[in-house]
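For the sequence shown, counting from 1, position 187 maps to 187 in full-length UniProt numbering; every step adds exactly one.
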Amino acid sequence: MTDPATLSAAEAARRIRDGRLSATALTEALLDRIATREPGIRAFVHLDPALALRQAEAVDRAAKAGRVGPLAGLAFGVKDVLDTADQPSQYGSPIWAGHRPRTDAACVALARRAGAVILGKTVTTEFATRHPGPTANPHNPGHTPGGSSSGSAAGAAAGFFHAGFGTQTAGSIIRPAAYCGAVGFKPSFGTLHRAGMKVMSESLDTIGIITRSVGDAAFAMAGLTGGDYGDPEARPGRAPRLGLCWGPTAEQAAPETREAIERVAAAAARAGAEIVPIEMPEPVAAGLAAHALVMNGESADALAWELDHAPALLSPGLRERMEWGRDQPRAAKEAGRAAFATARAAVASVMADVDAILTPSAPGEAPEGLGWTGDPAFNSLWTLLHLPCVTVPVGTGARGLPLGAQIVTAFGRDGEALAWAEWVRQAAVA
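1. With 16 as the cutoff for other CB atoms within 10 Å, does P134 come out buried or exposed?
2. Out of V394, A65, A345 and A220, which one is the CA nearest neighbour of P360?
3. Just to confirm the assignment, what range does the beta strand (DSSP E) spanning I275 have?
4. Report buried or exposed for K186, applying the criterion of at least 16 other Cβ atoms within 10 angstroms of its Cβ.
5. Give the straight-line distance between the Cα atoms of V68 and R321, rounded to the nearest whole angstrom.
6. According to DSSP, simplified to helix, strand and coil, what is L119?
7. Note down the Cα distance separating W382 from A421, rounded to an integer number of angstroms.
8. Are G151 and T122 closer than 8 Å when you measure CB to CB?
9. Cutting at 7 Å between CB atoms, please list the residues of its own chain near V424, excluding the five before and the five after it.
10. Please classify R212 as buried or exposed, where buried requires at least 16 other C-beta atoms within 10 Å of its C-beta.
11. Note the first and the last residue of the continuous alpha helix (DSSP H) segment covering R61.
12. Closer than 8 Å is the cut-off here; do at least three beta carbon pairs connect the region 72 to 92 with the region 103 to 118?
13. Which of the three DSSP states is assigned to T211 in this structure?
14. Buried or exposed: D355, going by 16 or more other Cβ atoms within 10 Å of its Cβ?
15. Count Cβ pairs between the region 342 to 349 and the region 280 to 294 that sit closer than 8 Å; are there 3 or more?
16. So L53 packs on T84, CB below 8 Å; how close in whole Å?
17. With 16 as the cutoff for other CB atoms within 10 Å, does A338 come out buried or exposed?
18. What is the rounded straight-line gap between the Cα of L242 and the Cα of A260?
19. Buried or exposed, going by whether 16 or more other CB atoms sit within 10 Å of the CB of G400?
20. At what residues does the beta strand (DSSP E) containing V78 begin and finish?
21. Report the residue from P367, F165 and Q87 whose alpha carbon sits nearest the alpha carbon of A111.
22. Whole-angstrom Cβ separation of G230 and G40, contact assumed at under 8 Å?
23. Ends of the beta strand (DSSP E) at F185?
24. Roughly how many angstroms lie between the CA atoms of A5 and C180, to the nearest whole one?
25. Please name the residue in K64, R130, A56 and V45 whose C-alpha comes closest to that of P88.
26. With a threshold of 16 other CB atoms inside 10 Å of the CB of K333, please say whether the residue is buried or exposed.
27. Return the CA-CA distance between R258 and P49, expressed in angstroms with no decimal places.
28. Have a look at A29 and A289 and give me their C-alpha separation to the nearest angstrom.
29. Would you mind sorting G226 into buried or exposed? The rule is 16 or more other CB atoms within 10 Å of its CB.
30. According to DSSP, V358 sits in a beta bridge with which residue or residues?
31. Output the boundary residues of the alpha helix (DSSP H) element that contains A36.
32. Helix, strand or coil for A13, going by three-state DSSP, please let me know.
33. Closest to P329 by CA distance: which of A302, G297, H309 and A310 is it?
34. Could you tell me the boundaries of the alpha helix (DSSP H) in which T257 lies?
35. Rounded to whole angstroms, what's the CA-CA distance from G19 to R61? Just pull it up for me.
36. Following the continuous alpha helix (DSSP H) through A163, name the residue where it begins and the one where it ends.
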């Protein structure tokens, strides 16, 4: 008999809808897997198996009454910068220890409405910034899983849940997903509402998901939003025109990443893709240069209460960056946001010439140790451009850790981003 924990999101939902699998049995199988592997991974900051089972039982009762949502019985992990009414929301900070919101974040509410089981809260770095939590990479516990969506990436890769909510201000969905060998999807800016999120940067923060496969990501997003994300595993009728782009941070690509992306491009070409080198226009580099100023300036505003009332409970690095951001002139932050807008306008013509861009997901393999979550060098640009991004696993590096390739499409072309990412993944592993 197939272990329910190994089923894809679509297949698990289909079996629950058809009465061939109960949400309770699925949740029990996932909890068994968690009990075995969680001590070495530490993906969760809060996990209540009894609460998860009560949710699953409620799904089963609803199913018997003919009320089956599109995500009925599927398990979600929730990054702990997103509020949950029935579980603590502590934002990776001792300042908020024990905090119990009265309401769910909007994306969590949508998941529940669709029938999902909120399995637990996943580890985030401090306020989704840099200071890491205890989560380890499931492929090698001596290496970081990346951040800030550390627990969602590690948990998805370990098969603890069908989808983990993540957030991205610089590279906090794509990079950890790549490090953990999972699929990370950062939708077009604003796709998932940020109500109930501990927002840091109004201009940048984007909610997305991390899953085991591209198909799972598309299925989960369709269930959350009611949108049509297609079937990425159904091969398109033509090969794509892919722009190979190293971007302004090209020199930061490690040799294994450069080799991997060149290998993927060659495989895509053999499968019929047209590969065209892409150079970003100068305004795009200018936008990237403003990223840190806008991010830290807006984050300092977001953490105004914490800075004023509990500065000693902030990590030294975060406090220093927030004080720096607080001290930046208003005009400088406005100029940075204007640079973002100019960059978005400039990139539109580039995106109009290709189906998708192929670019690295991270500089290299996951760094050794748990004290640093890695560099968002290949992510910040796409975040400020508000474009949909997908990372897919395309092999391993010299240390045997996963490497990812990132696919980026034009704003609003989220379904195409998923479809071309799966096309590229299949070409790379053929």
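Backbone N, C-alpha and C define an ideal beta-carbon position, used for all residues, glycine too.
On the basis of the coordinates in this document:
1. exposed
2. V394
3. E274 to P277
4. buried
5. 47 Å
6. strand
7. 15 Å
8. yes
9. V264, A268, L358, V392, A405 and I407
10. buried
11. P49 to K64
12. yes
13. strand
14. buried
15. yes
16. The pair is not a contact, with the Cβ atoms about 16 Å apart (cut-off 8 Å).
17. exposed
18. 16 Å
19. exposed
20. A75 to K79
21. F165
22. No, G230 and G40 are not in contact; Cβ-Cβ is about 36 Å, not under 8 Å.
23. V183 to K186
24. 18 Å
25. V45
26. buried
27. 43 Å
28. 47 Å
29. exposed
30. The sequence shown places Leu at residue 358, rather than the Val named in the question. DSSP output for L358 lists L244 and I407 as bridge partner(s).
31. Reading off the sequence, residue 36 comes out as Thr, not Ala. Looking at the DSSP string, the run of the alpha helix (DSSP H) that includes T36 is A23 to I41.
32. helix
33. G297
34. P255 to R270
35. 12 Å
36. Element bounds for A163: not the alpha helix (DSSP H) but the beta strand (DSSP E), A163 to Q168.
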